[in-house]
Amino acid sequence: MSDFVFPVPATPAVAVEGGGRFPVHRIYCVGLNYADHIREFGRDPQRSPLVFFMKPADAVVANGASIPYPPRTGNFHYEIELVVAIGRAGREIAPAQALEHVFGYAAGNDLTRRDLQRAAKDRGEPWDVAKGFDHSAPVAAIRAAARGHLSRGRIWLSVNGETRQDSDLGQMLNDVPHLIAELSTLYTLEPGDLIFTGTPSGVGPLKAGDRLEGGIEGLEVLRNTIAAA
Ligand code: MN
2 MSDFVFPVPA
12 TPAVAVEGGG
22 RFPVHRIYCV
32 GLNYADHIRE
42 FGRDPQRSPL
52 VFFMKPADAV
62 VANGASIPYP
72 PRTGNFHYEI
82 ELVVAIGRAG
92 REIAPAQALE
102 HVFGYAAGND
112 LTRRDLQRAA
122 KDRGEPWDVA
132 KGFDHSAPVA
142 AIRAAARGHL
152 SRGRIWLSVN
162 GETRQDSDLG
172 QMLNDVPHLI
182 AELSTLYTLE
192 PGDLIFTGTP
202 SGVGPLKAGD
212 RLEGGIEGLE
222 VLRNTIAAA
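Numbering (my numbering), first residue to last: 2 to 230.
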């Protein structure tokens with residue numbers, strides 16, 4: 002008999018191409034990792050240090066699911082991102098060894114309450130309420146790294162069939178090995194960790210009824226709709 006005082010919640014998980022589910026341990030995110038996106042916020046890419054933040058593991062949303070418009074925002078944004086799935090533990094990982102820790106890759110959306118993020122930035126407060134809310138991390142199926150690592154390729158997002166973001170993974174300021182290396186100096190990475198690697202320019206608002214499609218060359222396309230609150 003378990004001595005837990007109520008039933009243990011189900012482990013959040015992401016589908017794996019070809020079968021199986023990837024159990025999610027933590028969700029790390031990187032801010033400001035594409036020069037064009039930094040410029041659209043009126044900042045200088047040369048002077049922007051890496052920003053890390055987190056979402057709760059149970060914020061993951063399955064591909065195809067409907068996402069309720071979140072509370073306490075009037076400026077709910079999409080951000081298409083390459084998601085790196087970690088399959089092997091490590092800390093202070095050297096960039097040259099970093100890819101050995103990758104289980105696979107997926108397309109994800111770093112959903113954001115932009116108005117709350119702006120207010121937090123203005124007041125020097127943390128981003129948690131802007132980034133780490135319920136249903137804020139849709140992720141498509143993970144493709145195993147055994148089928149190849151990703152450093153280039155188109156990354157795009159459309160809303161109701163209209164392209165809003167269109168860039169290339171090669172435009173990242175910090176590539177996947179360097180992100181893993183830097184993050185692993187701050188935290189011990191564990192199997193089950195997901196890393197959202199930042200979004201290119203073109204972010205914008207969503208409303209109830211919107212149909213989102215986002216993709217990365219070679220990976221499953223992520224499709225979600227926005228439902229009323
Ligand atoms: Mn982001």
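Heads up, the beta-carbon is just placed ideally off N, CA and C, and yes, glycines get one too.
Source: prediction; values computed, not measured.
Distance, residue j Cα to residue i Cα
i	j	result
Asn242	Ala230	Residue 242 is absent from the structure shown; the chain starts at 2 and stops at 230.
Ala108	Lys122	27 Å
Val84	Asn161	23 Å
Pro201	Val31	12 Å
Asp37	Gly91	31 Å
Ala97	Pro178	7 Å
Leu112	Phe7	31 Å
Trp128	Ser3	36 Å
Ile87	Asn76	31 Å
His150	Pro69	33 Å
Sequence-distant residues of its chain with Cβ nearer than 8 Å to residue i (five each side left out)
i	result
Ile94	His102, Ile181, Ala182, Ser185 and Leu190
Tyr35	Ser168, Gln172, Met173, Leu174, Gly199, Thr200, Pro201 and Ser202
Thr74	Arg114, Arg115, Asp116 and Leu117
Gly205	His78, Tyr79, Val160 and Arg165
Pro71	Phe77, Leu112, Arg114, Phe134, Asp135, His136, Ser137 and Ala230
Bounding residues of the beta strand (DSSP E) (the contiguous stretch that carries residue i)
i	result
Glu163	Glu163 to Asp169
Pro24	Arg22 to Pro24
Ala120	Taken as a continuous stretch (DSSP letters only), Ala120 belongs to no beta strand (DSSP E), being part of the alpha helix (DSSP H) at Arg115 to Arg124.
Sequence-distant residues of the same chain with beta carbon closer than 6 Å to residue i, five excluded per side
i	result
Val130	Leu117
Ala138	Ile28, Lys56, Ala60 and Val61
Leu33	Ile39, Ser49 and Val52
Phe54	Cys30, Trp128 and Lys132
Opposing strand residues paired with residue i [DSSP bridges]
i	result
Ile94	BP columns for Ile94 are empty, so no partner.
His78	Thr113 and Pro206
Arg144	Tyr106
Cβ of residue i within 8 Å of any chain E Cβ
i	result
Gly215	Included in the structure is just one protein chain, with no chain E present.
Segment limits, alpha helix (DSSP H) that includes residue i
i	result
Glu1	Outside the displayed span of the chain (2 to 230) sits residue 1, for which this structure offers no information.
Arg48	Careful: Arg48 lies outside any alpha helix (DSSP H) and carries neither H nor E.
Arg40	Ala36 to Glu41
Own chain, CB closer than 7 Å to residue i, minus 5 neighbours either side, in chain order
i	result
Leu220	Tyr106, Ala107, Ala108, Ala141 and Arg144
- Does the stretch 209-216 come close enough to the stretch 39-48 that 3 or more CB-CB pairs lie under 8 Å? Under the Cβ criterion (8 Å, minimum of three pairs), the stretch 39-48 does not count as touching the stretch 209-216.
- At least 3 beta-carbon pairs within less than 8 Å: the stretch 14-33 vs the stretch 135-153: With three or more CB-CB distances shorter than 8 Å, the stretch 14-33 counts as touching the stretch 135-153.
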